[in-house]
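For the sequence shown, position 316 (counting from the first letter as 1) is numbered 316 according to our numbering, and the numbering increases by one without interruption.
Each residue gets a CB set at the ideal place from its N, CA and C atoms; glycine is no exception.
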Amino acid sequence: MTAATDGAPDGTADGATDERPGSAALEGLALNPATPVDILLRLLEPPYEAAWSALCRWRRELPPEVVDAIVAHPAPRARGGLARNPHVPGETRGRVVDDEHWLVRALLADGPGQDVWPRYLPDHVTDRMLTTYDGQELQSLLFSRQVPYRTLLAHAAHPVAELRAYGTGMWSALSEERRAALLADPDPDVRAAAERVRTRRAEDDDAAEMERRLRAMPSHPSHARNHILVNCRLSRAVVDELLQEREDDDLWCLAHNYSTPQDVVAHVARVGDAKAREKVARRADLPRELVDLLARDPDPDVRTAVSVRPELTEAERAAVDYVVEPHEVVDVGPDTYRAPLAHARSAHPLLRRRVAHNPELPPELVALLAADDDPGVRIVLAQHHPEAPPELLLRCYLEYTGRNRDRLLGLPRFPVAGLGARFGTAEDPAVRLLATLDPDAEPALVDALTRDTDARVRAGAARNPALPVDRILQLLEDKELSKEAAANPALPRETMHALLDAV
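Structure, rendered in structure tokens:
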């Protein structure tokens, strides 16, 4: 078999069903939680290639024998599916870290994808990747959200010299003592890497050099020009030119740039558009008089940005007329914003939401935030903490209709008992769908739901083990629901074998 080319990297569109005859039932069988190990192993054989993506990438639980077989499988597509499986532990996915095929290694670096929240890879796996992968693979790894920030930061003091050299990339987050240690490291490659970073940072901090580079560039926006305007030290001449042009994007750059003189920051805070004023409000070096000014800004986004500033007291935050939409949840992720745990007890809901993104919160804070009176806090906690209480998961699904709502349904702790009786006749099909998760629902109800007007409800009912066996067998012949019927745990074992024998 050759490596995949078009579509998803594992050879099929994500979540799509293979169009070959019988493939839908094979995929369902691969996903069926009751499929025995011997049949799962048989599905890895060449005649059942149509089921490989479902089995390797999307199956929620993989027995050890099946994992061993996938890791040793001759087809990169199968091994690559395991590398991207969002449901298995990072330790399991990391078993392909040294795979002989570049595609498998690249898929591991990519992770499960941006639409699912991947589990962290173990430190020993990421260390191996950082010391053996290169170029695009490393870039993909760092953007994949599979490596905790604490791990990246710890590399600067790692006993392995190659990882210490890599740790110099965290230069701005390192202490002066750690930077000095890297510059004096006993390993010459580490010293050279640290010196390169320091030199590059020194160049970025050289206003005259940055002005020279800007003069040599076309005046129209470009990545290189914007990088200098946003991230590097600017000369007063450049700053004054940007002020004269009065373009909104240029004022935004000045609002962001760390070197912008305080008088110019104050000017942008008064004359810039709302986008620029909001960026000023987020500056770490903002004088108190500008904090007070922007706290009274006519734009609610600007006032809200001020309200979460670290120097404000709880009373001062409360005095700001900020606006927080109850269900407008921004999925920033646990490593994008590293909020102090003390903010879990702040009166400001945005600060509590930021803490709730942390998947490593201690139990007492999980309990505290699970009972929070802000829907956004509860939703973020439910979506990101592995120990979120089951009752919270159900409550959030019922209350929240925004992004990643359905992620809650697939969480191991989502409560399913009694959902059939509670929601089987609900008017909203998204709520009626809950009834199909109850394995002890009334068989007659589940049978009726396989004929529901909503396609998702019909599919969920076809997977429900309370569905009578004769109806399951009937649905195996249904083009729409054959995959779901084959994924039903109540499917007789002899029928499972028959599906394989029919290929």
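Contacting residues, own chain, Cβ-Cβ under 7 angstroms from residue 416 (five flanking each side not counted): Excluding five sequence positions before and after residue 416, the CB atoms of its chain that fall closer than 7 angstroms to its own CB belong to 437, 438, 439, given in chain order.
Cβ separation of residue 297 and residue 303, assumed to be a contact under 8 angstroms, to the nearest whole Å: The beta-carbon distance between residue 297 and residue 303, rounded to whole angstroms, is 5 angstroms. This is short enough to meet the 8 angstroms contact definition.
Buried versus exposed call for residue 532 [16 or more other C-beta atoms within 10 Å across all chains shown]: What is shown of the chain runs 1 to 503, which leaves residue 532 out entirely.
Rounded Cβ spacing between residue 236 and residue 205 (contact assumed at less than 8 angstroms): The beta carbons of residue 236 and residue 205 sit about 15 angstroms from each other, so the pair does not count as a contact at 8 angstroms.
Closest Cα partner of residue 396 within the set 403, 188, 382: Per the Cα distances, 382.
Neighbour-count burial assignment, residue 102, 16 or more Cβ in a 10 Å radius: Residue 102 is exposed by the Cβ-count criterion.
Meets three-Cβ-pair contact criterion under 8 angstroms: the segment 186-195 and the segment 213-221: As far as the Cβ criterion goes, the segment 186-195 does not touch the segment 213-221, which means the pair count is below three.
Burial state of residue 126 (16 or more Cβ within 10 Å): Buried: at least 16 other Cβ atoms inside 10 Å.
Residue 456 to residue 39 span [Cα, whole Å]: Residue 39 has its alpha-carbon roughly 27 angstroms from the corresponding atom of residue 456.
Pairwise C-alpha distance: residue 177 and residue 413: Those two C-alpha atoms are separated by around 44 angstroms.
Identity of the residue in 41, 341, 294, 327 nearest residue 320 by Cα: That would be 294, whose Cα lies nearest to the Cα of residue 320.
Test item: CB-CB of residue 476 and residue 485 under 7 angstroms: Residue 485 sits close to residue 476, with the two beta carbons spaced by under 7 angstroms.
Residue 575 (DSSP reduced to helix, strand or coil): Given a span of 1 to 503 for the chain in the structure shown, any question on residue 575 remains unanswerable.
For residue 420 and residue 426, the rounded distance between their alpha carbons: For residue 426 and residue 420, the distance between alpha carbons rounds to 10 angstroms.
Buried versus exposed call for residue 80 [16 or more other C-beta atoms within 10 Å across all chains shown]: The residue is buried, with at least 16 neighbouring Cβ atoms inside 10 Å.
Alpha carbon of residue 245 to alpha carbon of residue 281, nearest angstrom: Spanning the two alpha carbons is a distance of roughly 22 angstroms.
Extent of the continuous alpha helix (DSSP H) to which residue 189 belongs: 188-204 is the span of the alpha helix (DSSP H), which, as asked, contains residue 189.
Same chain, Cβ closer than 7 angstroms to residue 433, five either side skipped, listed in chain order: Contacts found: 456, 457, 460.
Boundaries (first-last residue) of the alpha helix (DSSP H) holding residue 317: Counting along the chain, the alpha helix (DSSP H) containing residue 317 begins and ends at 314-319.
Rounded separation between residue 134 and residue 144 - CA only: Rounded to whole angstroms, residue 134 and residue 144 show a C-alpha spacing of 15 angstroms.
Residue burial classification, residue 479 (beta-carbon count within 10 angstroms, cutoff 16): Residue 479 is classed as exposed because its beta carbon has fewer than 16 other beta carbons within 10 Å across all chains shown.
For residue 568, three-class secondary structure by DSSP: No information on residue 568 is available, as it lies outside the stretch 1 to 503 that the chain covers here.
At least three beta-carbon pairs within less than 8 angstroms, the segment 27-36 to the segment 85-97: Flag = no, the segment 27-36 and the segment 85-97 do not touch.
Cut-off 7 angstroms between Cβ atoms - residues of its own chain near residue 123, not counting five sequence neighbours on either side: Once the five neighbours on either side are set aside, the close Cβ partners of residue 123 are 151.
Distance between residue 305 and residue 275 (C-alpha atoms, nearest Å): So the alpha carbons of these two residues sit roughly 11 angstroms apart.
Residue 313 burial status per 10 Å Cβ neighbour count (16 or more: buried): For residue 313, the number of other beta carbons within 10 angstroms of its own is below 16, and it is reported as exposed.
Where residue 62 falls: helix, strand or coil (DSSP): Three-state DSSP puts residue 62 in coil, outside helix and strand.
Inter-residue Cα distance where the pair is residue 73 and residue 95: Roughly 13 angstroms between the two C-alpha positions.
Own chain, CB closer than 6 angstroms to residue 431, minus 5 neighbours either side, in chain order: So the list reads 423, once near-sequence residues are dropped.
Local Cβ density within 10 Å of residue 445, reported as buried at 16 or more and exposed below that: Taking every protein chain shown into account, the CB of residue 445 has 16 or more other CB atoms within 10 angstroms, so this residue is buried.
Element boundaries [alpha helix (DSSP H), containing residue 260]: Per DSSP, residue 260 belongs to no alpha helix (DSSP H) and is neither H nor E.
C-beta atoms of residue 353 and residue 323 nearer than 7 angstroms: For the pair residue 353 and residue 323, the CB atoms are not nearer than the 7 angstroms cut-off.
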